[in-house]
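Sequential numbering of the sequence shown, starting at 50, is according to my numbering. Built from N, CA and C at the ideal position, the CB exists for glycine as well. Worksheet for the structure shown next.
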Amino acid sequence: MDYIKYQDKTIRKITGGHQDWYKARGNVWGERYMKEKENILTKERNKKEARIIVKYLPRNSKSILDAPCGYGRISNSLAALGYRVTGIDISDYFINLAKKQAKQLGLNVSYIVGDILNKKITGKFDAVLNIFTSLGYLEDDKKNELFIKRLCQYTKRGGRLIIEIINPVALTKDYKEKEFVLLKDGTKLYFNRYFDFRTSTSVTKIREVKRGSKTKNLVHIIRLYYTHELINICRKFSCDLINVLDQDGKEKNIKNSLRIWLIFQKK
50 MDYIKYQDKT IRKITGGHQD WYKARGNVWG ERYMKEKENI LTKERNKKEA RIIVKYLPRN
110 SKSILDAPCG YGRISNSLAA LGYRVTGIDI SDYFINLAKK QAKQLGLNVS YIVGDILNKK
170 ITGKFDAVLN IFTSLGYLED DKKNELFIKR LCQYTKRGGR LIIEIINPVA LTKDYKEKEF
230 VLLKDGTKLY FNRYFDFRTS TSVTKIREVK RGSKTKNLVH IIRLYYTHEL INICRKFSCD
290 LINVLDQDGK EKNIKNSLRI WLIFQKK
């Protein structure tokens, strides 16, 4: 399904022309993003998430694919624990940050700039990671399913696919339609969010106001997947669910957990 085509008319006006918002040239991933997430994606969080991942890796795991890897916060954390990590991301800005940190820490991580849909990666992995809601960006269900298929294809038989996403059940219970964030450098961020129940997409308009700079208007569109949807898609590609965890990696009722982990095993 093409989301923009079937969205509510009001929301469609916002999303029109932004199908490829997620690409590097869209300016969503950059310095502003790093400053915005500074107090969210902390070193403590990186360590916690690395612990959750390690707990659910197959025994004697060595190779890990982080797709997409962003600026390497998880890739470098796992490499520091001795794993052989490959990270891929479409943003050369992020990859350069990841490489710089890896070098500073004396880590050997294989970083690739590219799109997993068309960039061939050598071999298969004991574990494939998709962390911090980094699926559902593509224009329609068919492309998003192909992305998930690639994750499954790069997972070795007996290996694990670990996905960490927003829980739409919890999100829609307390949906923040408007939010204001003031960054340390004085940049003002105004968020206007719209949830489209027809297509299960969350659309965010971001207005970035910075003194001495032209105001930027950005759009963020994501297809939010319910647990059963991802279970059914992954099952088609020989990855079966073995666990669903809350945001702290605990096995409990996830309905109130804003973030959730899905642990799959490749048959």
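Worksheet item: From which residue to which residue does the alpha helix (DSSP H) around residue 59 run?
Response: Taken as a continuous stretch (DSSP letters only), the alpha helix (DSSP H) holding residue 59 covers 58-64.
Worksheet item: With DSSP run on the structure shown, which of helix, strand or coil describes residue 174?
Response: Looking at residue 174 - three-state DSSP - the assignment turns out to be strand.
Worksheet item: residue 139 to residue 299, Cα distance in whole Å?
Response: 31 Å
Practice prompt. Give the straight-line distance between the Cα atoms of residue 107 and residue 52, rounded to the nearest whole angstrom.
Written response: 36 Å
Worksheet item: Closer than 8 Å, CB to CB, is residue 193 near chain E or not?
Response: In the structure shown, chain E cannot be found, because there is only a single protein chain.
Fill in: Contact under 8 Å by Cβ, residue 185 with residue 274
yes
Worksheet item: Can you tell which of 141, 162 and 131 has the C-alpha that lies nearest to the C-alpha of residue 154?
Response: 131
Item to complete: Answer yes or no: do residue 75 and residue 142 have a C-beta to C-beta separation smaller than 8 Å?
Response: no
Worksheet item: If you count every other CB in all the chains shown that lies within 10 Å of the CB of residue 226, and 16 or more means buried, which is it?
Response: exposed
Worksheet item: Which whole-angstrom value is the C-beta distance of residue 242 and residue 252, which I expect to be below 8 Å?
Response: 7 Å
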